[in-house]
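Some notes on the structure that comes next.
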Amino acid sequence: MRALLLATSLLLPGTTMTPSTPTTVARLETLRLGQLQVWKLQDGRISLAASLLKGIDPAEARRLLGGQDAADTPVNAYLVRMPDRTVLVDTGMGKDPEEDSGHLAEQLSAAGMAPSDIDLILITHDHFDHIGGLLKADGTRAFPKAVVAVARREHAFWTEDPSHLPERLRDRASKLKALFGVYEKAGAFRLFEDGEELAPGLRAIPAHGHTGGHAVYAFTSEGRELWCIGDLIHFGAVQFQHPEAGVAFDLDGDRAVKVRQELFRDAARRKAVLAGAHLPQIVRITPKGAGYDAARP
Ligand SMILES: [Zn+2]
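Terminal number for the sequence shown in our numbering: 471, no gaps in between.
Structure follows, in structure tokens:
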């Protein structure tokens with residue numbers, strides 16, 4: 175199953191898996207916000223070509239990338255310990271011998287947790303680098319006690335009427351149904367509505383554009399906010415300063431730009447801490463010129 179998912183994954187020209195050098199487990203980044211303890215868990219790395227960027231002068235993009243033609247980009251999941259439950263946001267790419275990926279379990283263990291400690295898994299969207307860690311190599315659940323939650327709109331986007339999808343993505347429906355079906359059969363799969371409060375202090379914010387039902391998860395504790403923003407942004411060095419720049423991955427590019435601009439504005443106003451699936455660090459943003467400055471909170 176996983177091999178199939180990877181083989182038919184979203185890889186576009188310009189995206190390559192970073193060649194696997196035996197990896198040291200990435201250093202854990204952790205932070206406390208109110209009663210929340212948050213860990214960034216780096217599952218792997220990919221290299222994103224600068225040519226994937228759209229809506230920005232290529233010379234400016236290159237300058238912001240330090241003169242490089244590609245950005246070495248992490249693939250992150252996030253562990254959030256709430257007072258009453260332990261939540262994982264996304265699950266990384268899963269293990270593949272040819273790729274630098276599948277380090278989620280090691281990272282979890284470095285945070286002092288086991289897969290069986292996870293109560294709830296929130297999927298930001300159904301791209302392979304976010305759902306690849308859900309199953310073990312034998313096709314059984316990697317997180318035996320967790321309920322997996324996906325936005326109803328995201329699930330429908332991929333699994334109902336694939337005619338609106340680009341040709342290369344139309345075979346995804348059956349694979350996604352089989353993957354989530356493993357959890358569904360165990361009574362551990364749920365769909366939620368846009369904007370739904372999933373638990374006290376945990377809300378799903380619709381952030382469509384990158385995919386049809388992409389969701390951001392907002393955790394709140396003692397007036398502090400953590401937003402797990404998934405793929406709202408891919409190039410941290412470029413798109414904070416230029417939120418109008420999109421990437422070739424965004425299935426609805428115009429909408430993705432609009433949503434990014436709206437949510438960045440809101441996040442800056444609320445002083446929310448942002449945790450991105452492809453950001454090298456957890457940040458807080460403040461307005462700067464037509465864009466934002468991003469710094470450690
Ligand atoms: Zn992604």
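Cβ atoms here follow ideal geometry from the backbone N, Cα and C, with glycine treated the same way.
Item: Assumed close pair Leu215, Ala245 - CB separation to whole angstroms, cut-off 8 Å; Value: Going by Cβ atoms, the distance from Leu215 to Ala245 rounds to 20 Å, so no, they are not a contact pair.
Item: Where the alpha helix (DSSP H) through Ala441 begins and ends; Value: 427-444
Item: Within 8 Å, strictly: CB atoms of Ala224 and Arg237; Value: no
Item: Beta-carbon contacts of Arg444 that lie in its chain and below 8 Å, excluding the five residues immediately before and after; Value: Glu399
Item: Boundaries of the alpha helix (DSSP H) in which Pro232 is found, first to last residue; Value: 232-238
Item: Neighbourhood of Ala446 by C-beta, 8 Å cutoff - its chain only, sequence neighbours within 5 removed; Value: Ala392, Glu399, Leu400, Trp401, Asp440, Arg458
Item: Residue from Asp312, Glu341, Leu339, Pro340 whose Cα sits closest to the Cα of Leu353; Value: Asp312
Item: Distance, Asp243 Cα to Ala233 Cα; Value: 10 Å
Item: Residue from Glu418, Gly375, Arg429, Ala419 whose Cα sits closest to the Cα of Leu207; Value: Gly375
Item: At least three beta-carbon pairs within less than 8 Å, the stretch 407-414 to the stretch 364-380; Value: no
Item: Closer than 6 Å: residues whose CB approaches a heavy atom of ligand 1; Value: His301, Asp303, His304, Asp405, Ala451, His452
Item: Ser283, enclosing beta strand (DSSP E) - first and last residue; Value: First-last for Ser283: 278-284, but that is the alpha helix (DSSP H), not the beta strand (DSSP E).
Item: Distance between beta carbons of Ala378 and Ala325, contact taken as under 8 Å; Value: 6 Å
Item: Counterpart residues of Thr357 in DSSP-defined beta bridges; Value: Looking at the sequence itself, residue 357 is Tyr, so the reference to Thr does not match. Note: Tyr357 sits in no beta bridge, so no partner.
Item: DSSP three-state assignment for Ala251, whether helix, strand or coil; Value: strand
Item: Burial state of Arg470, where buried means 16 or more other Cβ atoms lie within 10 Å; Value: exposed
Item: Chain-order list of residues whose beta-carbon lies under 7 Å from that of Ile160 (same chain, five-residue window excluded); Value: Residue 160 is absent from the model: the chain starts at 175 and stops at 471.
Item: For Ala320, the nearest candidate out of Glu341, Leu210, Ala360 (CA to CA); Value: Ala360
Item: Simplified DSSP assignment, three categories, for Thr204; Value: strand
Item: For Ser290 and Leu202, the rounded distance between their alpha carbons; Value: 20 Å
Item: Nonlocal neighbours in the same chain, by C-beta distance under 7 Å from Leu227, ignoring five residues either side; Value: Ala235, Phe409, Val412, Ala419, Val421
Item: Top-ranked residue by Cα proximity to Asp303, from Pro417, Asn250, Thr333; Value: Asn250
Item: Nearest-angstrom Cα separation, counted from Gly383 out to Asp426; Value: 5 Å
Item: Cβ-Cβ distance between Phe385 and His452 below 8 Å; Value: Note that residue 385 corresponds to Thr in the displayed sequence, not to Phe. No, they are not a contact pair.
Item: For Asp467: DSSP bridge partner residues; Value: Thr460
Item: Integer-rounded CB distance, given that Ile230 should sit under 8 Å from His416; Value: 5 Å
Item: Distance between Leu350 and Phe366 (C-alpha atoms, nearest Å); Value: 17 Å
Item: Contact under 8 Å by Cβ, Gly404 with Arg327; Value: no
Item: For Leu406, the three-state DSSP class (helix, strand or coil); Value: coil
Item: Supposed close pair Leu282, Leu253 - CB separation, criterion 8 Å; Value: 7 Å
Item: Neighbour-count burial assignment, Ser275, 16 or more Cβ in a 10 Å radius; Value: buried
Item: Inter-residue spacing [alpha-carbon to alpha-carbon] between Thr460 and Val356; Value: 42 Å
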